[in-house]
Structure formats: structure tokens, C-alpha cells
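Asker: Line by line, the protein sequences give chains A and B.
Under my numbering, the residue at position 33 of the first sequence is numbered 16, and the numbers go up by one with no gaps.
Here my numbering = 1-based position in the second sequence + 222.
Sharing a structure here in C-alpha cells format.
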Amino acid sequence: MDLRGKKVIALGERDGVPGPAVAECATRAGADVVLTLTACYV
Amino acid sequence: MTSREMPVIRAASLVLAHVPSFVRLGSKPLRVLRDVEQPIAYLKSHLRDGDAARIYAPNQVFIGNLGVDELAGWPTPWHRNPVDGASRFGPDGEIMPEEEFLGLLAACDDFDLLALAGDVADRARTALDAHPIVGSGSGRKAVPAGITADALAERIERHHATPIVGVDGSLLGAMLPGHDEDDTLTGQVLLENLSCKATAALALRHLLARPGAIAETDVRYVINCGEEAVGDRYQRGGGNVAKAVAEWAGCTRATGSDVKAFCSGPMHALMVAGALVRAGVYDDVIVLAGGSLAKLGMKFQGHVKRGMPIVEDVLAGFAAHVARDDGASPVLRLDAVGRHEVASGSAPLAMVKALYTEPLARIGLTLLDVDRFSLELHNPEATEPAGSGNVPLNNYRTLASLAVMEKLIARDGIEEFVRTRGMPGFSPTQGHVASAIPYLGHALRGLTTGRLTRTMFTGKGSLFLGRMTQLPDGLSLILERRQ
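See below:
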């Protein structure tokens, strides 16, 4: 998937991959992260 | 610092209060049921009676009657395979029925904001007075007389009291607000806070009732690590549950304060308690927490959809006694506190390295030197029907993957690592209480009269939920057999 120039919402999960980690990957892939959130399901 | 100078954990108690009528007052049910035409009928067939909650295998593990390995081999689904004849009392605490708990709530209410219906109050008083630990001879406030249906209705309609409606739709009582214009003192908020106080108080009284337990007047400091935000409009969440619980339990020479860090609060509180003891400020510190009413029925939609009982129908509480080394109790290794630092990073591998590898390496150990890891112990039967997965299992697999990366085990050894050093989740989804703490009673037995040498407790907190930081949190503690 080519993320360059794409707007991304980074939605992560506490007991999986948290939002900031998703955001960092997306940013390094050239995306523009517009929102970072982490969910906690417990 | 040597392990001889370390503090110990002398005792722990773990209690549940079965409150099916309160499920409707949980945050999620409150929001969802607004759009349901007949909420009483909608939930009724999914709410368990007291017997079903008592013989539910995870609840029996919680109070110490059933071991974690026994639960691992227990037939599933657990809600269809009860522990026949199981007692409401166990070595670690009890499962209190709702009728008694209503009495306990009223007995913990210093401002007479909770009123019960006349017959409900009478039954609650009779039941609670006969309790072996918090009965009529325990020195607590008596359960006050109930009020008429008309008086209850007036409180609800004119004074905005929050109604407490039974499983069958009957009115059990109502909780008045503490102020006319304060959103932090509504009846709903105060009922949450009172439920937290009552379950913490019950846990503390269980702890103090043990043979050989510390005398209540020898308790000098209490730390509450529950998540409830006690306070008023000028300092919401700024309050102090610890001292309220100490007062109720007769710890007349104690003071205390609250330590908060979402679900990792109990780990921070145990660390602080250990440090206070180690520093000589106090010889005996109690760490405790009550349950979270807001989290009742958090996953109830999944349970209803699956046609199963709503198993998030219990409030939880715990208390632990941190003390100077007594030469026998398990040692809290303050030289190996694992912590998730600001710069640790939030990726799963960064978390587990900070919480496990680094503190263990500091004292020359590896993951294989720990017999049991206690972490997020949420009951998968509560979370999986709602699509939230098996939280403990996922975390144990991440931990086992770390062991593979550190070349401690082979890749095909992951399942055995999880099976032998982990455990099935058995805790109700009560946030801070579910985070590692429910294994504490089992660990204390295993590290004294059992076969365990070393256990590790890890709490993780979702700091980002408060919208002040994107960071998570975590803290780990090692508890080991006295050498």
C-alpha cells in the first residue's frame, strides 16, 4: 500500500499496537497522520 | 540494598459484591438502554441470581477457593459449568449477595443520601447483621430504616435522586445528589463513589479479620488506588477515599491518601507503600481499592447477543498489607521495579522490554526465573463475546515472544511458556482491580506454603483515555519467596 500523500487516522489498541506506534509507521511511509487515537477495551 | 531489607506483603484480601440490579447503572448500559423500549424486560433474562454468581468458576478463583490451574482445565463455557456447592467465602474473601451489599452501602453512607425501600432495608439489615466480619457486632453504623414508596418517589421526582431498580423492576432505593448544581455530586456519581468505598471497606475488614492480622489500630497509613473520582465541582477527582475507608474500618490511628494511574494504580500504590515501609516512615501500610460501578455491564451487548448471562455483574475490591520484613512473608523487590518511562515508546516490544527484561536484568535474572506472571487478568468470557479478545492470552503471547527474541525459549515453546507461566483470565472487568491484583492471594500462598519461588505482577494503564497524553503506562513488581 502506498501511503505517500495520504491522510491517515491512526487507530490503535492498548493491548495490541497503540495509536502512536501506528502513526509513526504511517508517517515514515509518507502519510499525513491527522488523528491518533488508542482504544482500551477493558 | 539487599533483599533482607526489603518490605514484604503479609496478607491480601479479594472480595466481590454481586449486584445484578446495578448493571443497569453501568456507563455502557445506561447509554444503550436509553434507546431500548423495555429495558427491564430486555435485561432480566440475562441477569444472574446470587447462587449463579457464587458458583461461577472465575469468581471462585477470585476469592481463592479454586486455583488458576484448576480453572485452566475447567470445562467451558464457565457460565454453564458451575462449581457445584461452592462457598461464598474463600481464603481470600467472599462473594457478597446483593441484599447484604445494599445494607453495606447504607452503612457506609455518612450523609444519609442513600435511602432504601422499607422492606428492602429490613432484609438488608437482617442479612448484614448476621455477617461474620461486618455484622452487627463489628462496630459499624447500623443499616437505617427504609422509607415509604411515596417518600422514595418524591426524592426521585423532586430532588433528582438516582433510582436503584431491582432486576424485576421493583424500586429498591434511591441515591440523592450531594448538591443541587454540582455535576460531580449527582446521585449517580455518588453511588459510584459509595460503591467503591463499600467494596474497599469490605476488603479491608476481611484483611483485618485474618488470624494473626495486624490490629486495626496499628494501621498507620492507607493508600487507595481505585479509579473513582471523589471530589466536588472545584476539584473533581481530588478527594481521598483512603481515609474514608480507614475510618469506616476502625483504623483510628491511620491517615492515608489516594494514588491514581488508571489500571496501573495498584502497582504504583504497592511500590509507594513498600517505599514508605523501607524508608521507615511507617511499619505497616495498607493498599486497597474498591470496585467500579461504571464498568458493570461494560460488554453486556455481546452477552445479550450470545444469549448468555451478563457476567460483569460484580463489583470487586482488594486490600493488601505491606509491612517490614517479618522473616516469613514474600518479599517485594524494590530493587527491581519495572517501569514504562516517558521515552520508553508505546510499541508492544518496547513495553515488555521496559516492564520485564530491564528490571529482571537489573538483579541478574531472566524471564525464565519467574514462575508466574500476573498481568491483565480480565475474564475472556466477559470480553470475547464483545469482540475484545482474550486480553490475558494476548499479553502472555507477547511476553512469550519476548522470551523467543531473547533466545530463552524456542519458537515452538511459546504455548508451553503461556501455559506454565501464565494463567487464564478470571477477573471481572473492574479496571484497576483486574490488572494483575487478583492473583495476589494465590501468589502469597504459593510463595509461602506452595512451590513458587518468584512471581511478577504487571499493571498497564491507559493514560490516553483522559486526553492529557497519548502515553500508556505500566509498572511491574517482583514478589518472591523469603530466602
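Every residue, glycine too, gets a C-beta built ideally from N, C-alpha and C.
With burial defined as no fewer than 16 other Cβ atoms inside 10 Å of the residue's Cβ, what is the status of residue 652/B: buried or exposed?
Answerer: Counted from its first residue, the second sequence places residue 652/B at position 430. Buried.
Asker: Rounded to whole angstroms, what's the CA-CA distance from residue 287/B to residue 380/B? Just pull it up for me.
Answerer: Numbered from its first residue, the second sequence carries residue 287/B at position 65. Numbered from its first residue, the second sequence carries residue 380/B at position 158. The straight-line gap from Cα to Cα measures roughly 47 Å.
Asker: Would you say residue -9/A reaches chain B, if we count a Cβ-Cβ gap shorter than 7 Å as a contact?
Answerer: Stepping through the first sequence from its first residue, residue -9/A is reached at position 8. With 7 Å as the cut-off, residue -9/A does not count as an interface residue toward chain B.
Asker: What beta strand (DSSP E) runs, 3 residues minimum, are completely inside the segment 428 to 504 of chain B?
Answerer: Listed in chain order, they are 443 to 446, 477 to 480.
Asker: Name, please, each residue of chain B whose Cβ falls closer than 7 Å to the Cβ of residue 2/A.
Answerer: Here residue 2/A refers to the residue found at position 19 when the first sequence is read from its first residue. Under the 7 Å cutoff, chain B gives 692.
Asker: Just to confirm, is the Cβ distance from residue 467/B to residue 422/B under 7 Å?
Answerer: Locating residue 467/B in the second sequence gives position 245, counting from the first residue. Locating residue 422/B in the second sequence gives position 200, counting from the first residue. Yes; because the gap between Cβ atoms is below 7 Å, this pair is in contact.
Asker: What residues match up with residue 623/B in a beta bridge as DSSP calls it?
Answerer: Within the second sequence, numbered from 1, the residue matching residue 623/B stands at position 401. Answer is none; residue 623/B lacks a bridge partner.
Asker: Residues of chain B with a CB under 8 Å from the CB of residue -2/A: which are they?
Answerer: Position 15 of the first sequence, counting from 1, holds the residue named residue -2/A. Correct list: 598, 611, 613, 616, 617, 682.
Asker: Taking only beta-carbon atoms, is residue 569/B less than 7 Å away from chain A?
Answerer: For the purposes of this step, residue 569/B is taken as the residue at position 347 of the second sequence. Closer than 7 Å to some Cβ of chain A, the Cβ of residue 569/B qualifies, so yes.
Asker: Quick check on DSSP: helix, strand or coil for residue 378/B?
Answerer: To locate residue 378/B, count along the second sequence from 1; it is residue 156. In the structure shown, residue 378/B sits in a helix (DSSP, three-state: H, G or I).
Asker: Buried or exposed: residue 401/B, going by 16 or more other Cβ atoms within 10 Å of its Cβ?
Answerer: Residue numbering aside, residue 401/B sits at position 179 when the second sequence is read from its first letter. Exposed is the call here.
Asker: Going straight from the alpha carbon of residue 289/B to that of residue 596/B, what length do you get?
Answerer: Here residue 289/B refers to the residue found at position 67 when the second sequence is read from its first residue. Here residue 596/B refers to the residue found at position 374 when the second sequence is read from its first residue. Each residue's Cα considered, the two are about 14 Å apart.
Asker: Can you check which of these residues, 431/B, 438/B, 590/B, 229/B, is closest to residue 639/B by C-alpha distance?
Answerer: Here residue 639/B refers to the residue found at position 417 of the second sequence. Out of 431/B, 438/B, 590/B, 229/B, 590/B has the C-alpha closest to the C-alpha of residue 639/B.
Asker: Counting only beta-carbon atoms, is residue 698/B nearer than 7 Å to chain A?
Answerer: The residue you call residue 698/B lines up with position 476 of the second sequence. It does not; no Cβ of chain A falls within 7 Å.
Asker: Output, in chain order, the set of chain B residues within a Cβ distance shorter than 9 Å of residue 21/A.
Answerer: The residue given as residue 21/A occupies position 38 in the first sequence. Correct list: 568, 684, 686, 687, 692, 694.
Asker: Ignoring anything shorter than 3 residues or poking outside the segment 344 to 400 of chain B, list the beta strand (DSSP E) runs there in chain order.
Answerer: 384 to 387, 393 to 397, all fully within the segment 344 to 400 of chain B.
Asker: At which residues does the beta strand (DSSP E) containing residue -16/A begin and terminate?
Answerer: Here residue -16/A corresponds to residue number 1 of the first sequence, with the count starting at 1. Element bounds for residue -16/A: n/a, residue is neither H nor E.
Asker: Evaluate residue 260/B with the Cβ neighbour count: other Cβ atoms within 10 Å of its Cβ, from every protein chain shown; 16 or more gives buried, anything less gives exposed.
Answerer: Along the second sequence, read from residue 1 onward, the residue named residue 260/B stands at position 38. By the neighbour-count rule (16 or more Cβ atoms within 10 Å), residue 260/B is not buried but exposed.
Asker: Report the residue from 669/B, 528/B, 443/B whose alpha carbon sits nearest the alpha carbon of residue 498/B.
Answerer: The residue labelled residue 498/B in the question sits at position 276 within the second sequence. Per the Cα distances, 443/B.
Asker: If we count Cβ pairs, one from each stretch, closer than 8 Å, do we get three or more for the segment 422 to 431 of chain B versus the segment 452 to 460 of chain B?
Answerer: The segment 422 to 431 of chain B is not in contact with the segment 452 to 460 of chain B.
Asker: If the cut-off is 8 Å on Cβ atoms, which residues from the segment 638 to 659 of chain B count as contacting chain A, listed in chain order?
Answerer: Flagged, chain order: 651, 653, 656.
Asker: Do residue 13/A and residue -13/A have their CB atoms nearer than 7 Å?
Answerer: Locating residue 13/A in the first sequence gives position 30, counting from the first residue. Locating residue -13/A in the first sequence gives position 4, counting from the first residue. Yes, Cβ-Cβ distance for residue 13/A and residue -13/A is below 7 Å.
Asker: If you follow the beta strand (DSSP E) that residue 246/B is part of, which residue opens it and which one closes it?
Answerer: Counting from one through the second sequence, the residue named residue 246/B turns up at place 24. Where residue 246/B is concerned, there is no enclosing beta strand (DSSP E), given that its DSSP letter is neither H nor E.
Asker: Residues of chain A with a CB under 9 Å from the CB of residue 677/B: which are they?
Answerer: Along the second sequence, one-based indexing puts residue 677/B at 455. By Cβ distance, chain A contributes nothing, its closest Cβ being about 21 Å from residue 677/B, past 9 Å.
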